[in-house]
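Chains as they are written, first to last, in the working numbering: chain W, 14 to 130; chain R, 4 to 119.
Think of the CB as a built atom: it goes at the ideal place given N, C-alpha and C, for glycine as much as any other residue.
Remarks on the structure that follows.
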Amino acid sequence: AQKITQTQPGMFVQEKEAVTLDCTYDTSDQSYGLFWYKQPSSGEMIFLIYQGSYDEQNATEGRYSLNFQKARKSANLVISASQLGDSAMYFCAMREAKGGTASKLTFGTGTRLQVTL
Amino acid sequence: DTGVSQDPRHKITKRGQNVTFRCDPISEHNRLYWYRQTLGQGPEFLTYFQNEAQLEKSRLLSDRFSAERPKGSFSTLEIQRTEQGDSAMYLCASSPWTSGGQETQYFGPGTRLLVL
Chain W
14 AQKITQTQPG MFVQEKEAVT LDCTYDTSDQ SYGLFWYKQP SSGEMIFLIY
64 QGSYDEQNAT EGRYSLNFQK ARKSANLVIS ASQLGDSAMY FCAMREAKGG
114 TASKLTFGTG TRLQVTL
Chain R
4 DTGVSQDPRH KITKRGQNVT FRCDPISEHN RLYWYRQTLG QGPEFLTYFQ
54 NEAQLEKSRL LSDRFSAERP KGSFSTLEIQ RTEQGDSAMY LCASSPWTSG
104 GQETQYFGPG TRLLVL
């Protein structure tokens with residue numbers, strides 16, 4: 014079973030509008046972390062935002078916010094006031110604690126966001 | 004503060020040749036990770052180091068793959084007898100891991116390998 018599911022292969026959004034990128038996850042751990050990364054065509058993975066499983070508030074970083082619904086196991090990324098430079102692949106990833114030694118990230122298949130004029 | 008760097012950025016090789024990639028992490032980051040990303044997929048974990056110790060290897064890391072981090076700073080990933088299926092982007096990431104803290108991995112630009 015996939016641990017991270019991103020059901021939107023591609024999304025379009027008009028400049029200055031907000032967009033939500035979906036992410037659901039599967040884990041039996043109580044302690045885990047959720048991440049969103051942006052990957053432009055150049056290939057580098059750029060860290061955007063982090064949400065810990067025990068965090069009570071939704072994470073925010075500038076124009077990025079994470080809509081964390083623990084019971085539904087979803088961690089959607091909201092980008093407000095989209096800009097042309099936001100066009101990229103976006104990946105949701107999870108880190109499970111597993112005794113504090115396993116820190117690898119498990120990634121979804123990504124969503125390609127295209128911002129239009 | 005310089006980010007994670009990887010060298011080379013692109014590599015084209017013939018099947019059966021050996022290749023070696025280098026990753027320089029952010030200074031003072033004690034953890035270093037290698038991932039592989041094929042077209043249309045998210046990155047997949049290969050292996051990681053804490054300082055110079057290799058703590059975990061994925062089953063994706065066949066016997067032809069070897070990684071080192073001899074002095075706990077830069078790391079190398081070597082692929083012996085390359086196969087066309089090894090064609091992928093190889094990503095390196097580093098993190099300032101501390102017990103109980105949030106660990107964010109910062110990625111380099113990747114090495115894109117094409118095996119002909």
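Whether residue i touches residue j by CB criterion (8 Å)
i               : j               : result
V118 of chain R : Q87 of chain R  : yes
Q105 of chain R : Y36 of chain R  : no
Q9 of chain R   : G113 of chain R : yes
Q57 of chain R  : A70 of chain R  : yes
A106 of chain W : F120 of chain W : yes
Cutoff 8 Å: residue i Cβ touching any chain W Cβ
i              : result
G45 of chain R : yes
F2 of chain R  : Outside the displayed range of chain R (4 to 119) lies residue 2 of chain R, so it cannot be described from this structure.
Y36 of chain R : yes
For residue i, the three-state DSSP class (helix, strand or coil)
i               : result
Q20 of chain R  : coil
S99 of chain W  : Correcting the residue type first, residue 99 of chain W is Asp in the shown sequence and not Ser. D99 of chain W: helix per DSSP, three-state reduction.
D89 of chain R  : helix
W100 of chain R : coil
G23 of chain W  : strand
First through last residue of the beta strand (DSSP E) which encompasses residue i
i              : result
S87 of chain W : 87-92
I59 of chain W : 59-65
K60 of chain R : 56-60
I82 of chain R : 78-82
L64 of chain R : Per DSSP, L64 of chain R belongs to no beta strand (DSSP E) and is neither H nor E.
Outcome for residue i when other beta-carbon atoms lying within 10 angstroms are tallied against a minimum of 16
i               : result
Y103 of chain W : buried
K17 of chain R  : exposed
L42 of chain R  : exposed
Chain R contact for residue i (CB, 8 Å cutoff)
i               : result
F81 of chain W  : no
E109 of chain W : no
T122 of chain W : yes
Y67 of chain W  : no
F104 of chain W : yes
K117 of chain W : yes
Chain B contact for residue i (CB, 8 Å cutoff)
i              : result
T85 of chain R : Going by chain labels, chain B is absent from the structure shown, which instead holds the protein chains W and R.
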